[in-house]
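So our numbering is basically just the index in the sequence shown, starting at one, shifted up by 5.
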Amino acid sequence: MANKQQLSTLKQGAQPWNEWRKKNPDTRPDLNEANLASANLRGANLRGANLSGAELASTDLQEANLLGATLVEANLHEANLHKADLSFADLTFAYLTNANLTTARLWKADLTTAKLSGANLSAANLTMATLRETDCTEANLCEAILNYAILVETNLRQANLTGSSVCGLSAWNLHLEGANQANLVITSPNEPTITVDNLEVAQFIYLLLNTRQIHQVITSITSNIVLILGRFTPERKPILEAIRDGLRERQYTPMLFDFEKSLSRDFSESLRTLARLSRFIIADLSPHKSISQELRAILPGTPVSVQPLLNGTRKLYTMFPDFKQYPHVLPAYRYNSLADLQTTLEEKIIKPAEEKAKELERQQK
6 MANKQQLSTL KQGAQPWNEW RKKNPDTRPD LNEANLASAN LRGANLRGAN
56 LSGAELASTD LQEANLLGAT LVEANLHEAN LHKADLSFAD LTFAYLTNAN
106 LTTARLWKAD LTTAKLSGAN LSAANLTMAT LRETDCTEAN LCEAILNYAI
156 LVETNLRQAN LTGSSVCGLS AWNLHLEGAN QANLVITSPN EPTITVDNLE
206 VAQFIYLLLN TRQIHQVITS ITSNIVLILG RFTPERKPIL EAIRDGLRER
256 QYTPMLFDFE KSLSRDFSES LRTLARLSRF IIADLSPHKS ISQELRAILP
306 GTPVSVQPLL NGTRKLYTMF PDFKQYPHVL PAYRYNSLAD LQTTLEEKII
356 KPAEEKAKEL ERQQK
């Protein structure tokens, strides 16, 4: 049972409670099975508190400090945890159904067997969190950070994972029926963005790029992956999305390598690995000459169909004629606008690239 005096102080609100914490820095709050349903605890310092079995349904815990708190079997149904810090918290068996966890910090939190169905975790930081047998049915994980998180037997049915970061994520036996897995980011923030549309593919590509043994074993894979190369600044995102959507509609899996993030490192080896995994490559040469430079680095020894794109009347870089020596590089296709690209995507881009891919397959037999 909860310490009655501590519970009484907390029920007075965050300000008197935080003052009490300052005066008693070495006292661990004992709020075991406390009834704090619908209480206003916004900004409360509950760091390290024992809240096991606590009733916190509809409680306002926005920006609360729950770092290292014990919330085993706590009921946080529809609780407001926006911007709350739950790093290192023990949330095993906790009920967080329909809770608001937007931009919450859950770094290394233990969410084993927790119930998060319908919860909003958009932009939440779950770096190195454990979600073993966690129920995330219909949860919103858009742009959540799941880097190095552990997901085992996690239920993600109907969940929205669009744009989430999954660098180094460990995922096994997931339930992903109906989940939106578009644009999963598999690279760290200081690297050029690589995105895929499937958690299992994301884990595989990450391991392939970062584990030498796997890299050496796998030399080629027949797949429906299409590698998109480009420098997609915000104003050019519609072009990228048009290409992605067109590929998805035709049952391809788009994989983006975005040069916008960083051009300071040599990623040629990573590009060669991704190219060998791809059915064909679409390279938008319009925005930056570095894409041509990177293409020149990966083309030798990588016989993959390449369809270059160029916007409007923009001139080809001087090195582009050198690409003609590679029979797997198609003539550059010029598009005049977004609408033009969408209209001609099938006939002028995908179809020639696919035909060239089939031709290369026949030559290799």
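Positions of the beta carbon are idealized from the N, C-alpha and C atoms, including for glycine.
In this text, all values refer to a predicted model and were calculated from it rather than measured experimentally.
Separation of Gly183 from Leu12, as counted between CA atoms = Between Leu12 and Gly183, the alpha-carbon positions lie close to 43 Å from each other.
Terminal residues of the beta strand (DSSP E) in which Ile244 lies = For Ile244, no beta strand (DSSP E) encloses it; the enclosing alpha helix (DSSP H) starts and ends at Lys242 to Glu254.
Option in Leu126, Ala49, Arg236 and Asn145 with minimal Cα separation from Glu196 = Nearest Cα to Glu196 within the set Leu126, Ala49, Arg236 and Asn145: Arg236.
Lys120 burial status per 10 Å Cβ neighbour count (16 or more: buried) = By the Cβ-count criterion, Lys120 is buried, with 16 or more other Cβ atoms from all chains shown falling within 10 Å of its own Cβ.
Pro345, enclosing alpha helix (DSSP H) - first and last residue = Position check: residue 345 holds Asp in this sequence, whereas Pro was assumed. In the DSSP assignment, Asp345 falls within the alpha helix (DSSP H) that extends over Leu343 to Thr349.
Please state whether DSSP places Phe285 in a helix, a strand or coil.
-> The answer is strand: DSSP assigns Phe285 an E or B state.
By the 10 Å Cβ neighbour count, where 16 or more other Cβ atoms means buried, how is Pro34 classified, buried or exposed?
-> Counting every other CB atom within 10 Å of its CB across the protein chains shown gives Pro34 a total of 16 or more, marking it as buried.
Is the beta carbon of Asp202 sitting closer than 8 Å to the one on Pro259?
-> Closer than 8 Å, so yes.
Pull up the DSSP beta-bridge partners for His87, would you.
-> Answer is none; His87 lacks a bridge partner.
Of all the options Ile355, Leu46 and Asn178, which has the alpha carbon lying nearest to the alpha carbon of Gln256?
-> Checking every option, the nearest Cα to that of Gln256 belongs to Ile355.
Buried or exposed: Pro332, going by 16 or more other Cβ atoms within 10 Å of its Cβ?
-> Exposed is the call here.
Proximal residues to Trp112 (C-beta, below 8 Å), its chain only, five neighbours per side dropped = Within the same chain, and ignoring the five residues on either side of Trp112 in sequence, the residues whose Cβ sits closer than 8 Å to its Cβ are Ser92, Phe93, Asn130, Leu131, Thr132, Met133 and Ala134.
Same chain, Cβ closer than 7 Å to Thr399, neighbours up to 5 away in sequence not counted | Any property of residue 399 remains undetermined from this structure, which presents the chain solely from 6 to 370.
Near the ligand HEM: Ala358 beta-carbon under 7 Å from a heavy atom | The ligand HEM is not among the ligands present in this structure, which contains no ligands whatsoever.
Sequence-distant residues of its chain with Cβ nearer than 6 Å to Thr108 (five each side left out) | Excluding residues within five positions, the ones whose Cβ falls inside 6 Å are Lys88 and Ala128.
Give a yes or no on whether the C-beta atoms belonging to Leu189 and Ser175 are separated by under 8 Å.
-> No, these two residues do not count as a Cβ contact at 8 Å.
Start and end of the alpha helix (DSSP H) containing Ala362?
-> Segment Lys356 to Gln369, the alpha helix (DSSP H) holding Ala362.
Identify whether Thr117 lies in helix, strand or coil by the three-state DSSP scheme.
-> Thr117 sits in coil when the DSSP states are folded into three classes, being neither helix nor strand.
Assuming Asn152 contacts His180 under a Cβ cut-off of 8 Å, what Cβ separation, rounded to an integer in Å, is found between them?
-> With 8 Å as the limit, Asn152 and His180 do not qualify as a contact, their Cβ atoms being about 21 Å apart.
With a threshold of 16 other CB atoms inside 10 Å of the CB of Trp22, please say whether the residue is buried or exposed.
-> Under this definition Trp22 is a buried residue.
Where Leu314 falls: helix, strand or coil (DSSP) = In the displayed model, Leu314 falls within a strand according to three-state DSSP.
Please state whether DSSP places Ala207 in a helix, a strand or coil.
-> DSSP, read as helix, strand or coil, puts Ala207 in helix.
Determine the DSSP secondary structure at Asn229, reduced to helix, strand or coil.
-> Residue state, collapsed to three classes: coil.
Own chain, CB closer than 7 Å to Glu158, minus 5 neighbours either side, in chain order = Once the five neighbours on either side are set aside, the close Cβ partners of Glu158 are Arg137, Glu138 and Asn178.
If you measure from the beta carbon of Arg47 to each beta carbon in chain C, is any gap under 8 Å?
-> The chain labelled as chain C is not found in the depicted structure, where only one protein chain is given.
Simplified DSSP assignment, three categories, for Trp25 = Per DSSP, reduced to three states, the secondary structure at Trp25 is helical.
Does the distance from the CB of Thr14 to the CB of Ala44 come in under 8 Å?
-> Not a contact, by the Cβ cut-off of 8 Å.
Pick out whichever of Lys329, Lys27, Gln67 and Leu261 has its Cα sitting closest to the Cα of Leu86.
-> Leu86 has its Cα closest to that of Gln67, out of Lys329, Lys27, Gln67 and Leu261.
For Leu268, does the three-state DSSP call read helix, strand or coil?
-> Bear in mind that the predicted position of Leu268 carries a pLDDT of just 49, short of 50, making it unreliable; the figure below should be weighed with that in mind. In the structure shown, Leu268 falls within a coil segment according to DSSP collapsed to helix, strand and coil.
Buried versus exposed call for Asn55 [16 or more other C-beta atoms within 10 Å across all chains shown] | With 16 or more Cβ atoms within 10 Å of its Cβ, Asn55 is classed as buried.
Hey, Ile303 and Ser273: beta-carbon distance below 8 Å or not?
-> At the C-beta level, Ile303 and Ser273 come within 8 Å of one another.
Do Ala74 and Leu46 have their C-beta atoms closer together than 8 Å?
-> Ala74 places its beta carbon 8 Å or farther from that of Leu46.
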